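Visitor:
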Amino acid sequence: MSLPTPEAHLSTVLHAVESRNQGEPEFLQAVREVLDTLAPVLEEHPEYIETGILERLVEPERQILFRVSWVDDNGKVQVNRGYRVQFNAALGPYKGGLRFHPSVNLSVVKFLGFEQVFKNALTSQRIGGGKGGSDFDPAGKSDAEVMRFCQAYMTELVHHIGEHTDVPAGDIGVGAREIGYLFGQYRRLTHRYESGVLTGKGKGWGGAEVRTEATGYGAVFFAEEMLARAGEGVAGRRAVVSGSGNVATYVIEKVQQLGGRAITASDSSGYIVDEAGIDLELLKQVKETERARISEYAERRPGAHYVAGGNVWDVRGELAFPCATQNELDEASARELIKNGVRAVAEGANMPATPEAIELLQEAGVLFAPGKAANAGGVATSALEMSQNAARSRWDFDKSENRLHEIMRDVHELCYSASERYGKPGDYVLGANSAGFVTVAQAMLEQGVI
Ligand code: NDP
2 MSLPTPEAHL STVLHAVESR NQGEPEFLQA VREVLDTLAP VLEEHPEYIE TGILERLVEP
62 ERQILFRVSW VDDNGKVQVN RGYRVQFNAA LGPYKGGLRF HPSVNLSVVK FLGFEQVFKN
122 ALTSQRIGGG KGGSDFDPAG KSDAEVMRFC QAYMTELVHH IGEHTDVPAG DIGVGAREIG
182 YLFGQYRRLT HRYESGVLTG KGKGWGGAEV RTEATGYGAV FFAEEMLARA GEGVAGRRAV
242 VSGSGNVATY VIEKVQQLGG RAITASDSSG YIVDEAGIDL ELLKQVKETE RARISEYAER
302 RPGAHYVAGG NVWDVRGELA FPCATQNELD EASARELIKN GVRAVAEGAN MPATPEAIEL
362 LQEAGVLFAP GKAANAGGVA TSALEMSQNA ARSRWDFDKS ENRLHEIMRD VHELCYSASE
422 RYGKPGDYVL GANSAGFVTV AQAMLEQGVI
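Laid out in structure tokens, this is it:
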């Protein structure tokens, strides 16, 4: 039987995914973006067509949906929906964060899980891909409410995770506080101190150094690698950053450490501009300690100003780091960035740039790092946390940061070589997708049809 051409095969798979996952726009966007780049890989590996690798890769191995009931501070019963999508474990236990945000639905969790499969492969840390979360909104909730919600969420999740099965971590709305409550409940329900079941733990009880900083630092390391290839660097450049959570904060910190000037941060209400460079201590005080809005920063910082609503990508910068959420950088924003002389864009968030924006940026010769590669430092450091937990050891900050730096260099190299191999040197979207895909596909091939 003759095989279809790579293009025909990709089109058949895409149609099947579209008809089977109607009403899931984010998931379809993520799948399309990957399939669009894989023809040259399938040309080289017809055995992946023959063994149905793609048909299997686009279907999660397991999808878990559950009710999460809890009681708020007024004694009222609240009901949320919980998710865990175990996408692919060919390379190791499922690994990926939990997102607590009102916009979470199955499409969002599946797009994140799908991306995670390739990202985790790029880290070479032997971890599979998964993602989870809930439509619970931590904003405005008391500590006690967040704790009760986390306990209720874990009461179901406990049946599906384990250090050799599935290892969740944080994402939007899930930081050290939530991981602490989740771990406490896991320990209580199982009677086991299984440190490696969650990552992003407190440093006093199994959390790795640099895990908090890793995603942001890693994104800047990746940008520095891309720029270095072109004989350039971060130093002396203005950086526009969106978001003001975990990823954004540590992107700003590393840009400053490398001699650049990060001048913006944002949240879902608006953005701030601080031409003197973001005062990190104040940012952390406002966002991490007080959990206040970003507008508060401008209230307290002379010379900074706040723009309600608006679009942070209107601000001029040579570097751009979208670190908030999916589809936050659209075609019009990309045009504005190009007009203002942007040189490199590195995605700290997952899928923040729309396909149209990516195309425009690449056509304009802007260096573009997709999230799968640029934000892989977080999950890579989570894997380092798992191995430290298993060995009952603890690395210091410098050793952990050096290892993260090395991993990001390797991820960059892997993506760059794949972009060369498949015909478009410097196309990091092609590079990340194809290098990640080949690693997972080969493992799936060798493990048989399951
Ligand atoms: P946080 O919850 O710490 O911060 C999220 C930030 O993004 C906040 O400033 C938030 O503002 C803003 N934001 C969230 N949703 C929206 C929205 N719909 N519109 C506008 N702004 C929004 O999350 P993280 O920093 O951890 O995550 C940010 C991104 O990075 C996500 O895409 C995540 O998947 C990705 N990522 C995170 C990793 C990690 O290690 N934490 C690892 C890899 C990727 P507001 O408070 O107003 O909602």
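Here the numbering used here runs 1 ahead of the position in the sequence shown, where the first position is 1.
Where a beta carbon is used, it is the ideal one built from N, C-alpha and C, also for glycine.
These numbers come from a predicted model, not from an experiment.
With a CB to CB cut of under 6 Å and the five nearest residues on each side skipped, what residues in its chain are close to I54?
Guide: Taking the sequence shown and counting its residues from 1, the one referred to as residue 54 is at position 53. Within the same chain, I54 has close Cβ partners A442 and M445.
Visitor: Runs of 3 residues minimum, wholly inside the segment 279-366: which ones carry the beta strand (DSSP E) assignment?
Guide: Listed in chain order, they are 306-309, 320-322 and 345-347.
Visitor: For E146 versus D74, is the C-beta spacing smaller than 8 Å?
Guide: Indexing the sequence shown from 1 puts residue 146 at position 145. Indexing the sequence shown from 1 puts residue 74 at position 73. A contact, by the Cβ cut-off of 8 Å.
Visitor: Between the alpha carbons of E116 and A391, how many angstroms are there, rounded?
Guide: Within the sequence shown, the letter at position 115 stands for residue 116. Within the sequence shown, the letter at position 390 stands for residue 391. Those two C-alpha atoms are separated by around 26 Å.
Visitor: Does the ligand NDP have a heavy atom nearer than 7 Å to the CB of H165?
Guide: Translated into the one-based positions of the sequence shown, residue 165 becomes position 164. No, the ligand NDP has no heavy atom inside 7 Å of this Cβ.
Visitor: Quick check: is any heavy atom of the ligand NDP less than 7 Å from the C-beta of N89?
Guide: Taking the first residue of the sequence shown as position 1, residue 89 is located at position 88. False, no ligand heavy atom lies under 7 Å from that Cβ.
Visitor: Taking only three categories from DSSP, how would you classify S245?
Guide: Counted from its first residue, the sequence shown places residue 245 at position 244. Looking at S245 - three-state DSSP - the assignment turns out to be coil, as it is neither helix nor strand.
Visitor: What's the call for S420, buried or exposed, on a 16-neighbour Cβ count within 10 Å?
Guide: Residue mapping note: residue 420 aligns to position 419 of the sequence shown, counting from 1. By the neighbour-count rule (16 or more Cβ atoms within 10 Å), S420 is buried.
Visitor: Do the CB positions of A325 and S243 come within less than 8 Å of each other?
Guide: On the sequence shown, position 324 is the one that residue 325 refers to. On the sequence shown, position 242 is the one that residue 243 refers to. Contact flag set, yes.
Visitor: Less than 8 Å between C-beta atoms, sequence neighbours within five positions excluded: which residues of the same chain meet that for L66?
Guide: Counting from 1 along the sequence shown, the entry for residue 66 is found at position 65. Excluding residues within five positions, the ones whose Cβ falls inside 8 Å are R82, G83, Y84 and L107.
Visitor: Between the segment 43-50 and the segment 85-102, do three or more beta carbon pairs fall short of 8 Å?
Guide: Result no; under three Cβ-Cβ pairs closer than 8 Å.
Visitor: Is Y218 buried or exposed, if buried means 16 or more other CB atoms sit within 10 Å of its CB?
Guide: On the sequence shown, residue 218 is found 217 positions in, with the first residue counted as 1. Result: buried.
Visitor: Could you tell me which residues DSSP puts in a beta bridge with G271?
Guide: On the sequence shown, residue 271 is found 270 positions in, with the first residue counted as 1. Partner(s): D268 and A309.
Visitor: Tell me, which residues are paired with I65 by DSSP?
Guide: Here residue 65 refers to the residue found at position 64 of the sequence shown. In the DSSP output, where bridge partners are listed per residue, I65 has R85.
Visitor: Measure the Cβ-Cβ separation of Q64 and G131 and say whether it is below 8 Å.
Guide: Translated into positions along the sequence shown, residue 64 becomes position 63. Translated into positions along the sequence shown, residue 131 becomes position 130. No, they are not a contact pair.
Visitor: Which residue's Cα is closest to the Cα of G449: T52, V14, D428 and R302?
Guide: Locating residue 449 in the sequence shown gives position 448, counting from the first residue. It is T52 whose Cα lies nearest to the Cα of G449.
Visitor: For a test of your reading of the model: does the CB of H160 fall under 7 Å from any non-hydrogen atom of the ligand MN? Yes or no.
Guide: You won't find the ligand MN in this model; what it holds is the ligand NDP.
Visitor: Looking only at C-alpha atoms, which of Y423, G271, G278 and Y417 sits nearest to A293?
Guide: Residue numbering aside, residue 293 sits at position 292 when the sequence shown is read from its first letter. Considering only alpha carbons, the answer is G271.
Visitor: On the DSSP bridge assignment, give the partners of W71 in chain order.
Guide: Numbered from its first residue, the sequence shown carries residue 71 at position 70. Note: W71 sits in a beta bridge opposite Q79.
Visitor: Would you say the beta carbon of A325 comes nearer than 7 Å to a heavy atom of the ligand NDP?
Guide: Looking up residue 325 in the sequence shown gives position 324. Yes, since a heavy atom of the ligand NDP falls inside the 7 Å radius drawn around the Cβ of A325.
Visitor: Taking the alpha-carbon of Q126 as reference, which of G427, V412, Y417 and D428 has the nearest alpha-carbon?
Guide: Here residue 126 corresponds to residue number 125 of the sequence shown, with the count starting at 1. When each option's Cα is compared against that of Q126, the closest is V412.
Visitor: Excluding five sequence neighbours on each side, which residues of the same chain lie with their C-beta closer than 8 Å to the C-beta of G372?
Guide: By 1-based counting over the sequence shown, the position of residue 372 is 371. Only E116, K120, E348, G349, A350, N351, M352 and P353 meet the Cβ criterion.
Visitor: How about D172: is its Cβ closer than 7 Å to a heavy atom in the ligand NDP?
Guide: Counting from 1 along the sequence shown, the entry for residue 172 is found at position 171. Answer for D172: yes, Cβ within range of the ligand NDP.
Visitor: Check whether the Cβ of N247 sits closer than 7 Å to any heavy atom of the ligand NDP, and report yes or no.
Guide: On the sequence shown, position 246 is the one that residue 247 refers to. Checking the Cβ of N247 against the ligand NDP gives yes.
Visitor: May I ask you to check if the CB of N376 is nearer than 7 Å to at least one heavy atom of the ligand NDP?
Guide: As a first step, residue 376 must be located in the sequence shown, where it is residue number 375. Yes; taking the cut-off as 7 Å, the Cβ of N376 has a heavy atom of the ligand NDP nearer than that.
Visitor: Apart from the five residues on each side of it in sequence, which residues of its chain come closer than 8 Å, Cβ to Cβ, to Q363?
Guide: One-based indexing of the sequence shown puts residue 363 at position 362. Cβ within range, chain order: F369, D428 and V430.
Visitor: Helix, strand or coil, according to DSSP, for Y251 in the structure here?
Guide: Residue numbering aside, residue 251 sits at position 250 when the sequence shown is read from its first letter. Residue state, collapsed to three classes: helix.
Visitor: So if DSSP puts P169 in a beta bridge, which residue, or which two residues, is it bridged to?
Guide: Numbered from 1 along the sequence shown, position 168 holds the residue referred to as residue 169. Its beta-bridge partners are G97.
Visitor: Ends of the beta strand (DSSP E) at L92?
Guide: As a first step, residue 92 is located in the sequence shown; it is residue number 91 there, counting from the start. No beta strand (DSSP E) holds L92; DSSP gives it neither H nor E.
Visitor: Is the beta carbon of D268 within less than 7 Å of some heavy atom of the ligand NDP?
Guide: One-based indexing of the sequence shown puts residue 268 at position 267. Because some heavy atom of the ligand NDP lies under 7 Å away, the Cβ of D268 counts as near it: yes.
Visitor: Assuming L92 and I128 make a contact with CB atoms under 8 Å, what is their CB distance in whole Å?
Guide: Taking the first residue of the sequence shown as 1, we reach residue 92 at position 91. Taking the first residue of the sequence shown as 1, we reach residue 128 at position 127. About 6 Å; that satisfies the 8 Å criterion.
Visitor: Are there any heavy atoms of the ligand NDP lying less than 7 Å away from the beta-carbon of S104, as far as the coordinates show?
Guide: As a working note, residue 104 is residue 103 in the sequence shown. Correct: S104 has its Cβ closer than 7 Å to the ligand NDP.
Visitor: Rounded to the nearest angstrom, what separates A224 and E27 at their Cα positions?
Guide: Within the sequence shown, residue 224 is the residue found at index 223, counting from 1. Within the sequence shown, residue 27 is the residue found at index 26, counting from 1. Answer to the nearest angstrom: the Cα atoms are 25 Å apart.
Visitor: Would you check whether the ligand NDP has a heavy atom nearer than 7 Å to the C-beta of E329?
Guide: Position 328 of the sequence shown, counted from the start, is the residue given in the question as residue 329. True, at least one ligand heavy atom lies under 7 Å from that Cβ.
Visitor: Can you tell me whether S3 is helix, strand or coil according to DSSP?
Guide: Looking up residue 3 in the sequence shown gives position 2. If DSSP states are grouped into helix, strand and coil, S3 belongs with coil.
Visitor: So, with DSSP's three-state summary, where would you put F369?
Guide: Here residue 369 refers to the residue found at position 368 of the sequence shown. It is a strand residue.
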